[in-house]
Amino acid sequence: MSDDRRSDIRLQVNNEFALVDGLLSEYVANLSRGGVFLRCTETLPLGTEVNLRFSILLDDIETIQGKGVVVHQSQGGVAGLGIRFAELTAESRALVDRLCPE
Numbered sequence: 018m019s020d021d022r023r024s025d026i027r028l029q030v031n032n033e034f035a036l037v038d039g040l041l042s043e044y045v046a047n048l049s050r051g052g053v054f055l056r057c058t059e060t061l062p063l064g065t066e067v068n069l070r071f072s073i074l075l076d077d078i079e080t081i082q083g084k085g086v087v088v089h090q091s092q093g094g095v096a097g098l099g100i101r102f103a104e105l106t107a108e109s110r111a112l113v114d115r116l117c118p119e
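Counting from 18, one number per residue, gives the positions in the sequence shown under this note's numbering.
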């Protein structure tokens, strides 16, 4: 991932749910090579490590799973969390790379 995380190409993911540590179930608003933005009303502290698992509907339903770290909180406008991927399964990394080319 580049130093400017916001320069990554982003893919809109509509109405997909993410499960964060079994506690927070919210919409994944967009996906990039570096992470995801979760639209949610409750936030987690910066630096919180989370387990991710969410689905994307392509030709088939594809699942992305791994671990991430909360790196951004947004309270105004679109409330949510920016989560940087820390570790993805091999299948998930290949899918993200295919969906979000450099």
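For glycine and all other residues, C-beta sits at the position ideal for the given N, C-alpha and C.
Beta-bridge partners assigned by DSSP to Arg-56: Tyr-44 and Gly-97. If you draw a 10 Å sphere on the C-beta of Ala-46, you find 16 or more other C-beta atoms in it, and that means buried. Nearest to Glu-79 by C-alpha distance, out of Glu-119, Pro-118, Leu-112 and Cys-117, is Leu-112.
Secondary structure of Leu-112 (DSSP, three-state): helix. Restricting attention to Gly-85, Tyr-44, Gly-52 and Arg-56, the CA atom closest to the CA of Gly-93 is found in Arg-56.
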